[in-house]
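The structure under discussion appears below in the form of structure tokens.
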Amino acid sequence: MIPMQGFQMDLVSEHRLSTMSPVEKVRFIIDEVKSGKILVLEKGLSPEEEAHLIEMTMTLIEPDGFSGIEMESYPSEVDTSFIGKILKKNALKSRLTVIGPADQLKTLKKDRDMISALISTTK
Amino acid sequence: MGVIRAFKRNFSDLFKKLFKKQNARIGIYGPPNAGKTTLANRIVRDWTGDAMGSVSHIAHETRRARRREGVTINTNGSSITLDIIDTPGLATKIDFHEFMEQGMDEAESKRRAKEATEGVIEAVKWLENLDGVILVMDATEDPFTQVNVTVIGNMEARSLPLLIVANKVDLAEASPSTIRDAFPQHPMVSISALEGKNIETFYEELAKRFG
Chain C
1 MIPMQGFQMD
11 LVSEHRLSTM
21 SPVEKVRFII
31 DEVKSGKILV
41 LEKGLSPEEE
51 AHLIEMTMTL
61 IEPDGFSGIE
71 MESYPSEVDT
81 SFIGKILKKN
91 ALKSRLTVIG
101 PADQLKTLKK
111 DRDMISALIS
121 TTK
Chain X
124 MGVIRAFKRN
134 FSDLFKKLFK
144 KQNARIGIYG
154 PPNAGKTTLA
164 NRIVRDWTGD
174 AMGSVSHIAH
184 ETRRARRREG
194 VTINTNGSSI
204 TLDIIDTPGL
214 ATKIDFHEFM
224 EQGMDEAESK
234 RRAKEATEGV
244 IEAVKWLENL
254 DGVILVMDAT
264 EDPFTQVNVT
274 VIGNMEARSL
284 PLLIVANKVD
294 LAEASPSTIR
304 DAFPQHPMVS
314 ISALEGKNIE
324 TFYEELAKRF
334 G
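First to last, the protein sequences are chains C and X. Per this note's numbering, the first sequence runs over residues 1 to 123. Per this note's numbering, the second sequence runs over residues 124 to 334.
In structure tokens, the structure reads:
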């Protein structure tokens with residue numbers, strides 16, 4: 001029997017991330033991506049969390065090692081719900097996000113509502 | 124008399140501290156090679172006669188944020204004074220091999236990559252200390268990059284003003300309308316920072332957004 005080869009892709013539910021603090025979310029994502037996994041986040045990250053993730057990624061880049069992440073999310077949508085308006089002046093709804101190692105995940109095309117990516121099984 | 128004079132001076136200092144209007148701090152952001160420093164140089168040269176930094180076709184030429192304080196821009200009879208911060212190009216990945224492909228040796232490429240990562244961190248940290256952002260995009264490239272999405276999201280979350288600049292419209296393949304369609308909720312100006320094309324409109328929009 002030929003052993004199956006490939007990459008691991010984890011689909012992370014909104015509920016799973018909602019139980020984590022922003023620091024825990026970023027740490028979780030970095031650890032998973034550094035181990036070679038592709039993550040699909042059902043709800044994505046807030047813009048501030050995305051910025052924090054970029055910052056953390058930069059601190060971990062090493063020559064001939066981890067070269068960073070490929071992250072693709074749709075532009076945020078303004079939360080027009082009644083609750084959203086009450087809670088925040090400019091509440092944003094984050095949307096589905098794909099994150100993976102930069103040397104394995106490559107975005108082919110992206111627009112407002114569609115992300116097309118290529119996942120390489122070789123580094 | 125000395126006591127009264129000291130009281131007056133202290134009161135005056137306190138008044139200045141309380142009511143002195145600080146210049147708005149405007150960051151120039153964007154992916155590497157979008158033309159941020161070219162635009163910063165254009166602004167600073169046009170209004171102070173000086174320059175901000177060097178430019179290069181190799182990515183991550185700017186690896187330290189540079190601030191120029193008190194740049195006064197006069198346009199359409201009004202005047203605004205801004206602190207301009209030219210930031211390093213934002214990226215989610217930096218691979219030193221890409222610099223080697225541009226002809227740099229390995230040691231130099233690794234050093235540049237290391238400095239580039241530090242520059243990205245600096246640029247991200249600046250996001251929390253700004254009053255507005257000029258987001259420079261290369262009009263020949265796909266505008267839906269993660270860097271653009273993240274910067275726009277951060278400005279929207281903080282309810283801070285943003286001006287999108289579709290740069291490099293002097294190039295035949297430029298498509299500023301693609302950028303406008305991608306982010307229709309924000310004002311956009313098409314310019315060539317290199318050639319100065321449409322730069323007056325840019326200054327007018329700058330005064331309108333950040334004045």
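Each residue gets a CB set at the ideal place from its N, CA and C atoms; glycine is no exception.
Indicate whether at least one CB of chain X lies closer than 8 angstroms to the CB of Asp141/C.
-> Examination of residue 141/C is not possible in this model, given that chain C is present from 1 through 123 alone.
Beta carbon proximity, Ile69/C to chain X, threshold 8 angstroms | Against the first sequence, residue 69/C aligns to sequence position 69. Answer yes: the Cβ-Cβ gap between Ile69/C and chain X drops below 8 angstroms somewhere.
Kindly indicate which three-state DSSP category Gly68/C falls into: helix, strand or coil?
-> For the purposes of this step, residue 68/C is taken as the residue at position 68 of the first sequence. DSSP places Gly68/C in strand when its eight states are reduced to three.
Take the Cβ of Gln225/X as the centre, count every other Cβ of all protein chains shown within 10 Å, and call the residue buried at 16 or more, exposed below.
-> Residue numbering aside, residue 225/X sits at position 102 when the second sequence is read from its first letter. For Gln225/X, the number of other beta carbons within 10 angstroms of its own is below 16, and it is reported as exposed.
Cβ-Cβ separation, Thr204/X to Asn146/X (assumed contact under 8 angstroms), whole Å = On the second sequence, position 23 is the one that residue 146/X refers to. On the second sequence, position 81 is the one that residue 204/X refers to. Yes, Asn146/X and Thr204/X are in contact; Cβ-Cβ is about 5 angstroms, under 8 angstroms.
Could you give the distance in angstroms between the alpha-carbon of Ser120/C and the alpha-carbon of Glu62/C?
-> Counted from its first residue, the first sequence places residue 120/C at position 120. Counted from its first residue, the first sequence places residue 62/C at position 62. The alpha-carbon atoms of Ser120/C and Glu62/C are separated by roughly 20 angstroms.
Under a CB-based cut-off of 8 angstroms, is Thr240/X close to chain C?
-> Within the second sequence, residue 240/X is the residue found at index 117, counting from 1. At a cut-off of 8 angstroms between beta carbons, Thr240/X contacts chain C.
Return no unless some Cβ of chain C is closer than 8 angstroms to the Cβ of Val247/X.
-> Taking the first residue of the second sequence as position 1, residue 247/X is located at position 124. Chain C contact via Cβ: present.
Assign Thr161/X to one of three DSSP states: helix, strand, or coil.
-> For the purposes of this step, residue 161/X is identified with residue 38 of the second sequence, where counting begins at 1. Annotated three-state conformation of Thr161/X is helix, per DSSP.
Does Ala117/C get closer than 8 angstroms to chain X when you measure Cβ to Cβ?
-> Against the first sequence, residue 117/C aligns to sequence position 117. By this cut-off, Ala117/C is not an interface position.
CB contact below 8 angstroms: Val259/X versus chain C | Here the question's residue 259/X lines up with position 136 in the second sequence. With respect to chain C, the C-beta atom of Val259/X has no partner C-beta closer than 8 angstroms.
Val247/X - containing alpha helix (DSSP H), residue span | Within the second sequence, residue 247/X is the residue found at index 124, counting from 1. Segment Glu229 to Trp249, the alpha helix (DSSP H) holding Val247/X.
Is Ala174/X helix, strand or coil when you go by DSSP?
-> Position 51 of the second sequence, counted from the first residue, corresponds to residue 174/X. Three-state result, Ala174/X: coil.
Inter-residue spacing [alpha-carbon to alpha-carbon] between Glu55/C and Ile244/X = Locating residue 55/C in the first sequence gives position 55, counting from the first residue. Locating residue 244/X in the second sequence gives position 121, counting from the first residue. In this structure, the straight-line span from the alpha carbon of Glu55/C to that of Ile244/X is close to 5 angstroms.
Nearest-angstrom Cα distance between Val23/C and Lys248/X?
-> Locating residue 23/C in the first sequence gives position 23, where the first residue counts as 1. Locating residue 248/X in the second sequence gives position 125, where the first residue counts as 1. Taking the straight line from one Cα to the other gives about 16 angstroms.
Going along the chain, which unbroken runs of the alpha helix (DSSP H) with 4 or more residues stay wholly within the region 299-328 of chain X?
-> Within the region 299-328 of chain X, the complete alpha helix (DSSP H) runs of at least 4 residues are 299-305.
With respect to the beta strand (DSSP E) encompassing Arg148/X, which residues constitute its N-terminal and C-terminal limits?
-> Within the second sequence, numbered from 1, the residue matching residue 148/X stands at position 25. For Arg148/X, the enclosing beta strand (DSSP E) starts and ends at Ala147 to Tyr152.
Please state whether DSSP places Leu96/C in a helix, a strand or coil.
-> Within the first sequence, residue 96/C is the residue found at index 96, counting from 1. If DSSP states are grouped into helix, strand and coil, Leu96/C belongs with coil.
Between Glu55/C and chain X, is there a C-beta pair that is closer than 8 angstroms?
-> In the first sequence, the residue the question calls residue 55/C occupies position 55. Yes, Glu55/C lies at the interface with chain X (some Cβ there is under 8 angstroms from its Cβ).
Are at least three pairs of beta-carbons, each pair with one atom in the region 217-224 of chain X and one in the region 275-289 of chain X, less than 8 angstroms apart?
-> The region 217-224 of chain X is not in contact with the region 275-289 of chain X.
To the nearest angstrom, report how far apart Glu328/X and Gly6/C are at their CA atoms.
-> For the purposes of this step, residue 328/X is taken as the residue at position 205 of the second sequence. For the purposes of this step, residue 6/C is taken as the residue at position 6 of the first sequence. Computed Cα separation, rounded: 51 angstroms.
Nearest CA to the CA of Glu251/X: which residue from Thr240/X, Glu238/X, Leu286/X and Ile208/X?
-> In the second sequence, the residue the question calls residue 251/X occupies position 128. The residue with the shortest Cα to Cα distance from Glu251/X is Ile208/X.
Helix, strand or coil: which one does DSSP assign to Arg16/C?
-> Stepping through the first sequence from its first residue, residue 16/C is reached at position 16. Here DSSP, grouped into helix, strand and coil, assigns Arg16/C to helix.
Going by C-alpha distance, which of Glu14/C, Ser13/C and Thr57/C is nearest Arg27/C?
-> One-based indexing of the first sequence puts residue 27/C at position 27. Of Glu14/C, Ser13/C and Thr57/C, the residue nearest in Cα terms is Thr57/C.
Name the chain X residues that come within less than 7 angstroms of Met58/C, Cβ to Cβ?
-> Position 58 of the first sequence, counting from 1, holds the residue named residue 58/C. Chain X residues near Met58/C: Thr240, Val243 and Ile244.
Quick one: which chain X residues come within Cβ less than 9 angstroms of Glu14/C?
-> Numbered from 1 along the first sequence, position 14 holds the residue referred to as residue 14/C. In chain order: nothing, as chain X lies at least about 18 angstroms away.
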